[in-house]
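A.B. asks: Take this structure, written in structure tokens, and hold onto it; I'll ask about it next.
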Ligand code: GLN
């Protein structure tokens with residue numbers, strides 16, 4: 011069987027997501043095909059999806075315009091495995107605020123029980139890299155790249171924090187979180203060559219065994 015890996019291809023670092031999936035799936039020896047998802051019909055043919063980083067307001071409005079938002083939400087609620095990074099994490103959250111402007115009333119998938127603040131690291135630290143401890147993927151720290159990143163200030167129900175960072179104002183922030191078939195990262199695992207987050211997504215969250 012060939013796994014069909016979708017990438018929501020409306021805006022953002024789509025190509026990087028494609029390449030990261032390719033690297034991880036090759037390392038896992040899984041036969042696959044990538045599908046750039048731009049239309050509702052394509053959602054029926056995919057086995058998992060990733061939502062790129064970029065601008066969550068743009069991704070949200072384009073998802074609404076194309077009609078993808080409702081059908082994708084349904085598919086995820088039916089169990090379609092999803093990995094969202096940065097703006098993708100924002101799209102998945104049930105509650106979103108911006109650190110500066112507050113309420114954003116942007117279109118969201120609102121599938122994950124997390125409360126997210128956009129641009130939480132502010133201007134001073136808009137972008138930074140850090141060696142992040144993520145016990146779920148092993149002992150070796152993961153080089154996490156944060157770019158105008160969000161973070162979750164609250165997770166509820168069975169949304170499980172997998173990595174946290176301390177913030178002066180907000181205290182402990184959740185920067186990686188899993189809930190059943192959903193995985194969200196505030197950073198960009200697609201921008202580094204380390205494939206462990208993607209492999210975790212494919213094997214543990216999506217449940218496709220390494221061949
Ligand atoms: N700040 C962006 C947003 O809130 C996310 C940035 C990113 O994806 N690198 O949509």
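Residue numbers (the numbering used here): 11 to 221. For glycine and all other residues, C-beta sits at the position ideal for the given N, C-alpha and C.
1. Examine the ligand GLN and report whether any of its heavy atoms sits within less than 6 Å of the Cβ of residue 157.
2. Can you find at least 3 beta carbon pairs, one from the segment 17 to 27 and one from the segment 52 to 66, that sit closer than 8 Å?
3. Determine the extent of the alpha helix (DSSP H) in which residue 173 is found, giving its start and end residues.
4. Would you list, in sequence order, the uninterrupted beta strand (DSSP E) runs of no fewer than 3 residues that lie entirely inside the segment 132 to 157?
5. Beta-carbon within less than 7 Å of residue 34's beta-carbon, same chain only, minus the 5 sequence neighbours each way: which residues are those?
6. Given a cut-off of 7 Å on the beta-carbon distance, is the pair residue 85 and residue 53 in contact?
7. Is the beta carbon of residue 66 within less than 6 Å of some heavy atom of the ligand GLN?
8. Assuming residue 182 is part of the beta strand (DSSP E), what are its boundary residues?
9. Mind checking who residue 159 pairs with in its DSSP beta bridge?
10. Please work out which residues of its chain come closer than 8 Å, Cβ to Cβ, to residue 216, disregarding the five sequence neighbours upstream and downstream, and give them in chain order.
11. Considering only residues of the same chain and omitting the five flanking positions on each side of residue 108, which have a CB-CB separation below 8 Å?
12. Count the other CB atoms, across all protein chains shown, that sit within 10 Å of the CB of residue 51; report buried if there are 16 or more and exposed otherwise.
13. Kindly confirm or deny that the segment 116 to 124 and the segment 164 to 184 touch, where touching means at least three C-beta pairs closer than 8 Å.
14. Just mark residue 145 as buried or exposed, buried being the case when its beta carbon has 16 or more other beta carbons within 10 Å.
C.D. replies: Taking the definition as stated:
1. Position 147 of the chain shown, counting from 1, holds the residue named residue 157. Yes.
2. In short, these stretches touch, since the Cβ pair count reaches three.
3. As a first step, residue 173 must be located in the chain shown, where it is residue number 163. Counting along the chain, no alpha helix (DSSP H) covers residue 173; the unbroken beta strand (DSSP E) around it starts and ends at 170 to 177.
4. 137 to 142, 152 to 157
5. Position 24 of the chain shown holds residue 34. Excluding positions up to five away in sequence, the list reads 205, 208, 209, 212.
6. Counted from its first residue, the chain shown places residue 85 at position 75. Counted from its first residue, the chain shown places residue 53 at position 43. Their beta carbons are under 7 Å apart, which means residue 85 touches residue 53 by this criterion.
7. Against the chain shown, residue 66 aligns to sequence position 56. Yes, the Cβ of residue 66 comes within 6 Å of a heavy atom of the ligand GLN.
8. By 1-based counting over the chain shown, the position of residue 182 is 172. It spans 181 to 189 - the beta strand (DSSP E) in which residue 182 sits, taken as one unbroken run.
9. Within the chain shown, the letter at position 149 stands for residue 159. Looking at the DSSP assignment, residue 159 forms no beta bridge with any residue, so it has no partner.
10. Counting from one through the chain shown, the residue named residue 216 turns up at place 206. 57, 58, 91, 191.
11. Taking the chain shown and counting its residues from 1, one reaches residue 108 at position 98. Taken in chain order, the residues that qualify are 114, 127, 128, 129.
12. Here the question's residue 51 lines up with position 41 in the chain shown. Answer is exposed; the Cβ neighbour count stays below 16.
13. yes
14. Stepping through the chain shown from its first residue, residue 145 is reached at position 135. Exposed.
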